[in-house]
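2 protein chains.
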Amino acid sequence: MDTQNTVKAGAGPIRRETLHHAAVAELRAMILAGALRPGSRVPEVKLCDQLGISRTPLREALRVLAADGLVELRPHRGAVVTPIDPQEIADVFEVLEALEMLAGRLACQRGTAEEFADLDRLHAQLVAQFAAGDRPGYFTTNRRIHARIVAMARNPSLEATQSGFASKILRARSLANDDAERWRSSLAEHEGFMAALRRRDAEAAGNLLGAHSRLTANAVLLALNGGA
Amino acid sequence: MDTQNTVKAGAGPIRRETLHHAAVAELRAMILAGALRPGSRVPEVKLCDQLGISRTPLREALRVLAADGLVELRPHRGAVVTPIDPQEIADVFEVLEALEMLAGRLACQRGTAEEFADLDRLHAQLVAQFAAGDRPGYFTTNRRIHARIVAMARNPSLEATQSGFASKILRARSLANDDAERWRSSLAEHEGFMAALRRRDAEAAGNLLGAHSRLTANAVLLALNGGA
DNA sequence: AATCGTCATTTTGTATACAATCTGGCACAT
DNA sequence: ATGTGCCAGATTGTATACAAAATGACGATT
Chain H
72 MDTQNTVKAG AGPIRRETLH HAAVAELRAM ILAGALRPGS RVPEVKLCDQ
122 LGISRTPLRE ALRVLAADGL VELRPHRGAV VTPIDPQEIA DVFEVLEALE
172 MLAGRLACQR GTAEEFADLD RLHAQLVAQF AAGDRPGYFT TNRRIHARIV
222 AMARNPSLEA TQSGFASKIL RARSLANDDA ERWRSSLAEH EGFMAALRRR
272 DAEAAGNLLG AHSRLTANAV LLALNGGA
Chain X
72 MDTQNTVKAG AGPIRRETLH HAAVAELRAM ILAGALRPGS RVPEVKLCDQ
122 LGISRTPLRE ALRVLAADGL VELRPHRGAV VTPIDPQEIA DVFEVLEALE
172 MLAGRLACQR GTAEEFADLD RLHAQLVAQF AAGDRPGYFT TNRRIHARIV
222 AMARNPSLEA TQSGFASKIL RARSLANDDA ERWRSSLAEH EGFMAALRRR
272 DAEAAGNLLG AHSRLTANAV LLALNGGA
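In structure tokens:
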């Protein structure tokens with residue numbers, strides 16, 4: 072489930088990327104952005120000249136995405152973008168809740184002062200975006216905050232897993248937008264776990280992050296089931 | 072991180088397996104069994120005629136395993152079986168602890184009576200194997216018990232994630248054998264969470280399973296660092 | 001009229017051929 | 001003697017060609 076493809080720029084950014092690697096990134100972005108809609112077929116040749124590559128690297132990319140669960144491969148019947156199954160989203164949220172709890176606890180114990188300061192800066196930005204009614208900005212910052220907290224846990228396995236799950240959920244959220252009430256609650260929850268993080272209260276931070284995840288799940292699933 | 076490749080036999084076992092699919096299973100088994108040792112290179116052509124397939128399906132299989140983290144692909148430099156990094160194992164255990172806690176809680180809430188009975192049967196087998204001093208049998212049954220508990224949680228995402236993590240740990244355990252003392256403790260911990268499971272005590276079962284995971288981690292990491 | 005069987009088309013699965021890159025050793029200069 | 005530059009061999013990355021399977025339509029049969 073390795074999702075992190077960015078290498079820490081040591082000295083020279085030699086840009087040694089293979090085609091299938093780039094294809095994975097491209098296709099993942101297309102799927103997450105909704106350019107390839109859930110349930111839609113993924114014809115190989117069409118995508119090949121669209122991406123300007125041959126079938127071999129594209130197919131290798133599809134296998135990787137299939138391992139990630141973003142596409143499904145039916146033998147001899149082609150690949151389809153994995154449909155969004157509300158039950159699966161619920162399952163993912165259930166696991167994510169546990170992961171966020173863990174991340175919150177560990178972040179308190181292992182985060183550096185600079186990271187906490189950075190987090191505060193991001194949170195301030197989040198508050199500003201809420202005040203400005205900037206929904207897309209809010210969501211982006213929101214994602215970055217959670218990613219940052221997970222990074223502070225100093226656990227690459229946790230980070231990779233959380234990232235993969237967040238991706239799956241992102242697809243669902245793109246079609247199920249929260250209402251204003253949920254938005255307000257979300258910000259309040261952020262205020263809550265930020266307070267716990269600031270005082271390095273590992274237990275509280277973990278619990279609040281878990282609760283935030285669960286409440287988000289409720290809202291998303293409600294929109295998903297209600298909207299359909 | 073989909074690890075489950077077995078389809079529930081509906082009516083006809085049509086055995087529609089593609090080569091790369093079979094190659095993934097084969098290679099994964101070889102890696103977990105230690106036939107391909109950690110850190111060793113994975114020459115494509117050699118494995119090709121060893122498995123009797125061409126390079127294309129083998130390469131596709133390697134990408135999938137790379138996504139799972141079992142092999143690492145260096146561009147133009149070939150693939151290597153991911154070396155066992157004690158820090159990574161520690162990280163994986165850290166996440167696994169949270170997953171096992173979740174699984175234990177959910178299993179209590181969602182497992183059927185037959186499943187609990189089955190679990191009891193497996194546990195009895197485990198006790199017998201301990202008494203008989205059958206280490207390999209004990210480990211196999213141990214794995215099956217944990218897999219069964221996770222299955223009882225009725226959460227495919229959790230199941231797949233736990234399975235992937237368990238695989239990584241399995242590789243480490245194959246070279247770091249527990250001592251007799253740890254073996255005894257392990258059985259005692261099993262008795263503990265089994266008791267909690269029998270009375271459907273979700274909180275206790277989760278906590279005990281988590282603790283079991285943490286104690287196992289300590290032992291494995293000790294053997295890993297001490298043995299090296 | 002409806003259903004089943006058959007076939008052409010299309011798409012996928014696999015194999016092989018070609019191009020690009022890396023590895024290791026050797027000659028040469030310092 | 002040591003380090004540098006270059007070259008041959010080997011290995012991987014990509015593209016294309018061929019084989020196998022599924023889809024959909026058409027016609028035959030009941």
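Chains as they are written, first to last, in this note's numbering: chain H, 72 to 299; chain X, 72 to 299.
No residue lacks a Cβ here, since even glycine has one placed at the ideal position from N, Cα and C.
Contacts around residue i, its chain only, beta-carbon distance under 7 Å, and the 5 residues preceding and following it disregarded
i      : result
X/F264 : G175, A276, L279, L280, H283
H/R285 : E168
X/A243 : I155, I160, V291, L295
H/S125 : C119
X/Q200 : G208, Y209, T212
X/E262 : none
H/M101 : L107
Nearest-angstrom Cβ-Cβ length linking residue i and residue j, presumed shorter than 8 Å
i      : j      : result
X/H91  : X/E131 : 4 Å
H/N226 : X/V166 : 7 Å
H/P128 : H/A184 : In fact, because the Cβ distance is near 44 Å, the residues do not count as touching under 8 Å.
X/D162 : H/L229 : 7 Å
X/L190 : X/I216 : 7 Å
H/V116 : X/V135 : Rounded, the Cβ-Cβ distance is 22 Å, inconsistent with contact.
Per DSSP, the bridge partner or partners of residue i
i      : result
H/L279 : Note: H/L279 sits in no beta bridge, so no partner.
X/R112 : X/V151
X/V198 : X/V198 is not bridged to any residue.
H/L144 : H/A150
Cutoff 8 Å: residue i Cβ touching any chain X Cβ
i      : result
H/H91  : yes
H/E303 : The structure shown does not extend to residue 303 of chain H, since chain H is modelled only from 72 to 299, so the question has no answer here.
H/L228 : At residue 228 of chain H the sequence reads Ser, which differs from the Leu that was named. So, interface residue.
H/E165 : yes
H/A169 : yes
H/A138 : yes
H/P207 : no
H/T127 : yes
Counted within 10 angstroms of its Cβ, other Cβ atoms place residue i as buried (16 or more) or exposed
i      : result
H/N289 : exposed
X/R99  : buried
H/T287 : buried
X/E88  : exposed
X/A138 : buried
X/K239 : buried
X/F259 : The sequence as given places Ala at residue 259 of chain X; Phe does not occur at that position. Under this definition X/A259 is an exposed residue.
X/G297 : exposed
H/R267 : Checking the sequence, you will find Ala at residue 267 of chain H rather than Arg. Counting Cβ neighbours within 10 Å, H/A267 comes out buried, since at least 16 surround it.
H/G105 : exposed
X/G204 : exposed
X/A237 : buried
H/A231 : buried
Residue-level contact to chain H via CB, residue i, 8 Å cutoff
i      : result
X/V151 : no
X/E131 : yes
X/E262 : no
X/E159 : yes
X/R181 : no
X/V113 : no
X/V198 : no
X/P109 : no
X/P303 : Any answer about residue 303 of chain X is impossible in this case: the structure gives chain X only from 72 up to 299.
X/L173 : yes
X/R134 : yes
X/T232 : yes
X/D162 : yes
Contact set for residue i: own chain, Cβ-Cβ below 8 Å, skip 5 residues either direction
i      : result
X/L241 : L103, R214
X/G140 : T153, G235, K239
Close Cβ partners of residue i (< 6 Å) along its chain, the five nearest in sequence each way excluded
i      : result
H/L197 : T212
H/I220 : A174, A178
H/A150 : V113, L133, V142, L144
X/P109 : V152, P154, I155
H/A224 : A174, L177, A178
H/L170 : Q233
H/R29  : Nothing about residue 29 of chain H can be read from this structure; chain H reaches only from 72 to 299.
H/K79  : Below a pLDDT of 50, predicted positions are generally treated as unreliable, and H/K79, at 33, falls in that range; the measurement from the model is reported next regardless. The answer is none, since no qualifying residue turns up.
X/S111 : V152
Residue i Cβ short of 7 Å to the ligand MG heavy atom set
i      : result
H/L118 : Absent from the structure shown: the ligand MG. Ligands present: none.
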